[in-house]
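Using this note's numbering, the first residue of the sequence shown is number 18, and each one after it goes up by one. C-beta: ideal position from N, C-alpha, C; glycine also. Here the structure is a predicted model, which means the values were calculated and not measured. Data block below; observations after.
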Amino acid sequence: MKILHINDYYIYSWAEKVYRDIYENLKGEKITLEDYIYQNEILRLFNKFFFSFILFVKIKRKIKLYNPDIILIHQINLSPFSVLLAIKKHKNIVQIVHDATQAWCPSWWCIYRKNYEKCDIKMWLSKCTKNCAYDKTKVWFFFYYFWLKLFLYLKKKVVKKYISPSAELQKILLNNHYYNTTVLWNIIKLNKISDTYKKENIFLYVWAIDRRKWIDKLIEAIDELDFLKKDWQFLIIWSWEILESLKNKYNNNFYQFLWKIPNSEVIEYYKKSKVVFFPSIWFESFWLTALEGILYNNIVLWNNFWWVKEIIWDDFLFDILNKKSVNEKIINVLNNFDEYYLKTQEKKKKLIINNKLYFLILLKILNK
Numbered sequence: 018m019k020i021l022h023i024n025d026y027y028i029y030s031w032a033e034k035v036y037r038d039i040y041e042n043l044k045g046e047k048i049t050l051e052d053y054i055y056q057n058e059i060l061r062l063f064n065k066f067f068f069s070f071i072l073f074v075k076i077k078r079k080i081k082l083y084n085p086d087i088i089l090i091h092q093i094n095l096s097p098f099s100v101l102l103a104i105k106k107h108k109n110i111v112q113i114v115h116d117a118t119q120a121w122c123p124s125w126w127c128i129y130r131k132n133y134e135k136c137d138i139k140m141w142l143s144k145c146t147k148n149c150a151y152d153k154t155k156v157w158f159f160f161y162y163f164w165l166k167l168f169l170y171l172k173k174k175v176v177k178k179y180i181s182p183s184a185e186l187q188k189i190l191l192n193n194h195y196y197n198t199t200v201l202w203n204i205i206k207l208n209k210i211s212d213t214y215k216k217e218n219i220f221l222y223v224w225a226i227d228r229r230k231w232i233d234k235l236i237e238a239i240d241e242l243d244f245l246k247k248d249w250q251f252l253i254i255w256s257w258e259i260l261e262s263l264k265n266k267y268n269n270n271f272y273q274f275l276w277k278i279p280n281s282e283v284i285e286y287y288k289k290s291k292v293v294f295f296p297s298i299w300f301e302s303f304w305l306t307a308l309e310g311i312l313y314n315n316i317v318l319w320n321n322f323w324w325v326k327e328i329i330w331d332d333f334l335f336d337i338l339n340k341k342s343v344n345e346k347i348i349n350v351l352n353n354f355d356e357y358y359l360k361t362q363e364k365k366k367k368l369i370i371n372n373k374l375y376f377l378i379l380l381k382i383l384n385k
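Here is the structure:
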């Protein structure tokens, strides 16, 4: 089977890791959009929201020369219309979905920004305007809303099947009338995992440092637990909009901000840490961070707003908007660490998916 793989980037975050692993195992040809798009900021914005004839021609040429049996797309946010129009005549197009927010939510939050109430993640202009665009420039919001509607309409016409990494995300797909979906957990490399590494008193947070993730709320709560600062350290990995403000506000030895590092290095921190936090208030459809945390013997604590029931139990939850809830959960975990740790180990046995099996299932889906 000849596969053409398409994604925005080849390195960086978790979606790219899945893209990389699948490409390197199933082989074929790849199109990494970052390599095809000019770095000029204005041109990049034009590519994203409009159409690039140059990119369109390059993709069409690649398809003609390679003649793939399957076109497997991941994220195509850098130039969605150029990609979809270039591939639309191919009869076998599959997308591995990595994120609900950029696909069905014009605010990218999947909750009401106005009051933090849960959203059904279906686009309705009156609902979105009232609850998420209340403080935004209306012209820009309307433009993006109708742009996204057009993008989703075209994607429905072009993509023949969707692969979701969780049953929770599949519910959102089905809720938006994407019935041609199947669930397959994202690939995670488990070879060479052993329990011989030494654990340290480390809390770990990995990925985007932005307001949707509520990492600022988490730190605000934890900072009140002064007793932790004597024996523990809180490592925060990656970057985003509020990184600098957090670094300036919490400038002491308890917090360590590690910027952007490859997944292979992140794994070394999973091995050292004991607790991994998932404070997000938005919909976390792509929970490789939590899965990796569990598999490297961490207790994973998740915000109770959106959580993937497939991998996290009720007693591993806290309420990120309630400082008392956050701190009580941390104190409870530290006081009953062995009990939580044993539950994590029990869960771990059910989570492990053999690499070879993952690709056999993926190939079976693609063959259909």
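Query	Result
CB-CB under 6 Å to Leu379, same chain, minus the five flanking residues each way: which ones, in chain order?	none
So, Ser183 versus Trp304, is the Cβ gap smaller than 8 Å?	yes
Hey, out of Leu308, Leu242, Leu72 and Glu237, whose CA is closest to Leu351's CA?	Leu242
Which residues in the same chain as Tyr313 place their Cβ atom closer than 6 Å to its Cβ, once the five residues preceding and following it in sequence are excluded?	Tyr287 and Lys288
Which whole-angstrom value is the C-beta distance of Phe335 and Leu318, which I expect to be below 8 Å?	6 Å
Report the option in Asn339, Tyr195, Gln112 and Ile87 whose CA atom is closest to the CA atom of Asn321.	Asn339
With 16 other CB atoms within 10 Å as the buried threshold, where does Ile348 fall?	exposed
Going straight from the alpha carbon of Phe220 to that of Lys174, what length do you get?	45 Å
Since Thr361 is in the beta strand (DSSP E), which residue starts that stretch and which ends it?	Counting along the chain, Thr361 falls outside any beta strand (DSSP E), though it belongs to the alpha helix (DSSP H) covering Phe354 to Leu368.
May I have the straight-line CA-CA distance separating Asn132 from Asn148, to the nearest angstrom?	8 Å
Of the residues Tyr55, Leu89, Leu368 and Ile189, which one's Cα is nearest the Cα of Val35?	Leu89
How would you call Pro97, buried or exposed, if buried means at least 16 neighbouring beta carbons within 10 angstroms?	buried
Give the straight-line distance between the Cα atoms of Glu258 and Phe158, rounded to the nearest whole angstrom.	20 Å
Taking all protein chains shown into account, decide if Lys105 is buried (16 or more other Cβ within 10 angstroms of its Cβ) or exposed.	exposed
Do Ile80 and Val176 have their C-beta atoms closer together than 8 Å?	no
Whether or not the region 224 to 235 and the region 187 to 205 are in contact is what I'm after, with contact meaning three or more pairs of Cβ atoms, one per stretch, closer than 8 Å; do they touch?	no
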